[in-house]
Amino acid sequence: AQTVTQSQPEMSVQEAETVTLSCTYDTSESDYYLFWYKQPPSRQMILVIRQEAYKQQNATENRFSVNFQKAAKSFSLKISDSQLGDAAMYFCAYRSARAAGNKLTFGGGTRVLVKP
Amino acid sequence: DGGITQSPKYLFRKEGQNVTLSCEQNLNHDAMYWYRQDPGQGLRLIYYSQIVNDFQKGDIAEGYSVSREKKESFPLTVTSAQKNPTAFYLCASSHNRDRGYGEQFFGPGTRLTVL
Chain R
0 AQTVTQSQPE MSVQEAETVT LSCTYDTSES DYYLFWYKQP PSRQMILVIR
50 QEAYKQQNAT ENRFSVNFQK AAKSFSLKIS DSQLGDAAMY FCAYRSARAA
100 GNKLTFGGGT RVLVKP
Chain D
68 DGGITQSPKY LFRKEGQNVT LSCEQNLNHD AMYWYRQDPG QGLRLIYYSQ
118 IVNDFQKGDI AEGYSVSREK KESFPLTVTS AQKNPTAFYL CASSHNRDRG
168 YGEQFFGPGT RLTVL
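Chains R and D are the protein sequences, given in the same order. Start counting the first sequence at 0; every next residue gets the next number (our numbering). Start counting the second sequence at 68; every next residue gets the next number (our numbering).
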């Protein structure tokens, strides 16, 4: 079974600066998808960014970008120019491209604190 | 507006009672999911359904039941057999895997507290 590990329970960043969240995963598959979700205090899960394993180019969405290292099974999220609204829990998630269903396996989350 | 709704937002239950959490989506998604989130933890899959009248157990299905009679609806029943039901419950939906990334979209959640 796949596992997703987020080794940083909490990260703190100064407003306007950059923070990087780590995520590693364990899989024997070559075809899969990776996601970062944000959960603000409202607890609504919001998709931040997604990456397909067969795409070598790292995904970017405005101030959010990823560093996808397939061989190392690493999928870190970089938040640039951090804003107060970025304060939230961030979850990394894995989905097999071949297994039955569209099941997501989540990491334990990283809490991001943004200091004004 | 398209989206996923969950009701109620807060739910209180006495021990020994069954309760049903509602989840409705108007995104025309085939697949729907139920997750449980405990404080400070990630999400764990309870049940999922890829098509009407069919569903499969997730990682922590014991003490829960679901039905999928309509494409738009996927209610979750927390039964008295669930030993520790106090948690935050999230419903999600997605296209099936033949539609690209198949990312899941989430509802606002239901906070269940057992008194």
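Beta carbons are placed, not taken as given, at the ideal position from N, Cα and C, and that holds for glycine.
Report the neighbours of residue i on chain R: residues whose CB is nearer than 7 Å to its CB, in chain order.
i	result
D:F173	Q43 and M44
D:Q117	G100
D:Q123	G100
D:S134	Per Cβ cutoff of 7 Å: no residues; D:S134 is ~17 Å from chain R at best.
D:N163	N101
D:L157	M44
D:L112	K102
Closer than 8 Å by beta-carbon distance: list the chain R residues that pair up with residue i, in chain order.
i	result
D:N93	Correct list: empty, because the minimum Cβ distance to chain R is about 17 Å.
D:Q108	G107 and G108
Which first and last residues belong to the beta strand (DSSP E) in which residue i is found?
i	result
R:K37	Y31 to Q38
R:I48	I45 to E51
R:D25	T23 to D25
R:Q13	E9 to Q13
R:R97	Note, R:R97: premise wrong, no beta strand (DSSP E); not H, not E.
R:L20	V18 to L20
D:T146	Note, D:T146: premise wrong, no beta strand (DSSP E); not H, not E.
D:Y156	A154 to S161
D:L182	No beta strand (DSSP E) contains D:L182, which DSSP labels as neither H nor E.
R:S75	S73 to I78
R:R110	T109 to K114
Who are the neighbours of residue i on chain D, taking C-beta pairs under 7 Å?
i	result
R:L103	Q171
R:F67	The contacting residues do not exist; R:F67 stays about 14 Å from chain D at best.
Going by DSSP, what residues sit across from residue i in a beta bridge?
i	result
D:K76	Note: D:K76 sits in no beta bridge, so no partner.
R:T2	R:D25
R:E60	R:F63
Can you name the residues of chain R whose CB is closer than 9 Å to the CB of residue i?
i	result
D:A28	Residue 28 of chain D is absent from the structure shown; chain D starts at 68 and stops at 182.
D:A98	G100 and N101
D:G83	Ordered by position in chain R, no residue passes the 9 Å Cβ test against D:G83, which lies about 27 Å from the chain.
Counting contacts by CB-CB distance shorter than 7 Å, is residue i in contact with chain B?
i	result
R:Y32	You won't find chain B in this structure, because its protein chains are R and D.
If I'm right that residue i touches residue j with Cβ under 8 Å, what's the distance once you round it to whole angstroms?
i	j	result
R:R110	R:D30	Rounded, the Cβ-Cβ distance is 31 Å, inconsistent with contact.
R:Y36	R:V47	6 Å
D:G70	D:N93	7 Å
R:T19	R:G106	The pair is not a contact, with the Cβ atoms about 15 Å apart (cut-off 8 Å).
D:Q149	D:G176	17 Å between Cβ atoms; not a contact.
D:E91	D:E170	D:E91 to D:E170, Cβ: 19 Å. No contact.
D:L157	R:M44	6 Å
D:L182	D:F79	6 Å
R:A58	R:Q50	5 Å
Run through chain D and tell me which residues come within less than 9 Å of residue i, C-beta to C-beta.
i	result
R:F74	Result: empty, since nearest Cβ-Cβ is about 14 Å, beyond 9 Å.
Anything in chain D within Cβ reach of residue i, meaning under 8 Å, just list it in chain order.
i	result
R:P63	Inspection of the sequence shows that residue 63 of chain R is occupied by Phe rather than by Pro. Neighbours of R:F63 on chain D: none; closest Cβ ~15 Å, over 8 Å.
Quick check: is any heavy atom of the ligand MN less than 6 Å from the C-beta of residue i?
i	result
D:F172	With respect to small molecules bound, the structure shown includes none, and the ligand MN cannot be examined in it.
Please go through the region 83-141 of chain D and give each complete beta strand (DSSP E) segment of 3 or more residues, from N-terminal end onward.
-> Entirely contained in the region 83-141 of chain D, the beta strand (DSSP E) runs reaching 3 residues are, in chain order, 86-92, 98-104, 110-118, 121-124 and 131-133.
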